[in-house]
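Protein chains in written order, with this note's numbering: chain R, 3 to 169; chain D, 3 to 169. First up is the structure itself, then whatever we jot down about it.
2 protein chains.
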Amino acid sequence: MSLSTEPTGWQQSSETTPELEAYTLLRQVHSMLEMYNRYDLRGEDLTVPQFMILNYASRSGVPLSEISARMMCDNSNLTGIVDRLIAKGYVERRPDPNDRRVSLICLTEAGAEKLRNLRPRHHERLRKRMRSLSEHEVQQLRELLRSLYSGLLAPVEDDRNGHPADD
Amino acid sequence: MSLSTEPTGWQQSSETTPELEAYTLLRQVHSMLEMYNRYDLRGEDLTVPQFMILNYASRSGVPLSEISARMMCDNSNLTGIVDRLIAKGYVERRPDPNDRRVSLICLTEAGAEKLRNLRPRHHERLRKRMRSLSEHEVQQLRELLRSLYSGLLAPVEDDRNGHPADD
DNA sequence: TTGAAACTGTTTCATTTGAAACAATATTGA
DNA sequence: TCAATATTGTTTCAAATGAAACAGTTTCAA
């Protein structure tokens, strides 16, 4: 999709709530930032999820399921992405000597170097893109999201079946 | 992925900024709410993107590209999803008499009924899930996101190549 | 010790997504 | 008018995602 700064043609629906508006905006901001990240990584031989795995891996190795927990996705999602990172030479799989079920995701020297080069620029670009918020507003946003996130982790009372089963 | 309320094993990286923390939390909240939505729609014969299209369609018909603009995705993404909604009988394609390029996405009576039944429950669940924020905090969050979103729509000055080309 | 249960990662399958190329149609400016 | 340009939606391909089933391994309680 091409990014346009033109005013859009459609207007807000009348039947809405502050919660829905906040959620809609959250999705829009998420979508925009994702788009920017994709664009940045375009010339770097990396996709967004590939870069994310690189960020969570380490030279000494991190279990795949620790990475999937931090990325809030299923193990099965990562198998293929790791395969592609291996093909590109940025990570490798090593068996965990202490637990034969575990496979450790290790940054190669090339991967570590890529990350050293990319991460600071990545953070700086994010900082610049959020400049429409003041320092104080960024902290306010962070605290609101932190509080919302904690609330989401706890089951909703007064509403059985209000959340996925914890299997 | 199964949703767990257990404390996670990993800890915050030391090298971080308020902006990065806010963005990470935004991704986490987005991921949680997406997970809840998926779970809710599970028994409703719908996926999240299918439900989203249903919400943007109407009895009188909406051009596909208007829907893709609101969903911030490419037209090509919607072709397949609309096909599946047609197969389920919730939507149909009709040619626009005024512009033969356009195909209007129209809710069928079944689709409209589904929506009448689902939408209020959907909004109510969202409201409950955000109860960890006070009414005032929800509005605060909404305004911060609104402001951030506006800033993201405008190109970043002092940083050419700081945003995808507007082709 | 051993058998049931839990955990880890892979495989498989269907769906979604991103991007490019394309055909059909519309718009515009010379 | 008419040729260049833009828009709309589809097709195609690669990548990512969600969910279920699975094999190998570990844990734990009887």
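C-beta atoms are modelled at their ideal positions from N, C-alpha and C, and glycine is treated no differently. This structure is a prediction, so every number in the text was calculated from the model and none was measured.
>> Could you check whether the segment 121-140 of chain R touches the segment 123-132 of chain D, counting it as contact only if at least three pairs of C-beta atoms, one from each stretch, sit closer than 8 Å?
In response: no
> Cα separation between R/L117 and D/P99?
Replying inline: Taking the first sequence and counting its residues from 1, one reaches residue 117 of chain R at position 115. Taking the second sequence and counting its residues from 1, one reaches residue 99 of chain D at position 97. Near 53 Å, if we compare the C-alpha coordinates of D/P99 and R/L117.
> Taking C-alpha atoms, which residue in D/S152, D/L135 and D/R121 lies nearest to R/E17?
Replying inline: Indexing the first sequence from 1 puts residue 17 of chain R at position 15. The candidate whose alpha carbon is nearest that of R/E17 is D/R121.
>> Can you list, in chain order, the residues of its chain with a C-beta nearer than 7 Å to that of R/I63? Leave out the 5 residues immediately preceding and following it.
In response: Walking along the first sequence from the start, residue 63 of chain R turns up at place 61. Looking at the sequence provided, one finds Gly at residue 63 of chain R rather than Ile. Cβ neighbours of R/G63 beyond the five flanking positions: R96, L106, I107 and C108.
> Using 8 Å as the limit for Cβ to Cβ distance, is D/S60 near chain R?
Replying inline: For the purposes of this step, residue 60 of chain D is taken as residue 58 along the second sequence, with counting starting at 1. By this cut-off, D/S60 is not an interface position.
>> I'd like the ranges of any beta strand (DSSP E) spanning at least 3 consecutive residues and lying wholly in the segment 99-130 of chain D.
In response: 101-109
> Pick from R/L135, R/R103 and R/L66: whose alpha carbon is nearest that of R/N77?
Replying inline: Residue mapping note: residue 77 of chain R aligns to position 75 of the first sequence, counting from 1. Of the candidates R/L135, R/R103 and R/L66, the one whose C-alpha sits nearest the C-alpha of R/N77 is R/L66.
> Taking only beta-carbon atoms, is R/P20 less than 8 Å away from chain D?
Replying inline: For the purposes of this step, residue 20 of chain R is taken as the residue at position 18 of the first sequence. R/P20 counts as touching chain D.
>> Helix, strand or coil for D/R86? Go by DSSP, reduced to three states.
In response: Position 84 of the second sequence, counting from 1, holds the residue named residue 86 of chain D. The answer is helix: DSSP assigns D/R86 an H, G or I state.
> Are the C-beta of R/G153 and some C-beta of chain D separated by less than 8 Å?
Replying inline: On the first sequence, residue 153 of chain R is found 151 positions in, with the first residue counted as 1. Output row for R/G153: interface = yes.
>> Residues of chain D with CB closer than 7 Å to the CB of R/V50, please, in chain order.
In response: Locating residue 50 of chain R in the first sequence gives position 48, where the first residue counts as 1. Chain D residues near R/V50: none, gap ~11 Å exceeds 7 Å.
>> Assuming D/Y151 is part of the alpha helix (DSSP H), what are its boundary residues?
In response: As a position in the second sequence, residue 151 of chain D is number 149, starting the count at 1. Taken as a continuous stretch (DSSP letters only), the alpha helix (DSSP H) holding D/Y151 covers E137 to L155.
>> Any beta carbon from chain R within less than 8 Å of D/L120's own beta carbon?
In response: Counting from 1 along the second sequence, the entry for residue 120 of chain D is found at position 118. Closer than 8 Å: no.
> Between the segment 83-110 of chain R and chain D, which residues of the former have a C-beta closer than 9 Å to a C-beta of the latter?
Replying inline: none
> Looking at the structure shown, is D/E17 part of a helix, part of a strand, or coil, going by DSSP?
Replying inline: Indexing the second sequence from 1 puts residue 17 of chain D at position 15. D/E17 falls in the coil class under three-state DSSP.
>> Between R/L28 and chain D, is the shortest Cβ-Cβ distance under 8 Å, so that the two count as touching?
In response: Within the first sequence, residue 28 of chain R is the residue found at index 26, counting from 1. Chain D contact via Cβ: present.
> How is D/L27 classed by DSSP in three states: helix, strand or coil?
Replying inline: Residue 27 of chain D sits at position 25 when you count from the first residue of the second sequence. In the structure shown, D/L27 sits in a helix (DSSP, three-state: H, G or I).
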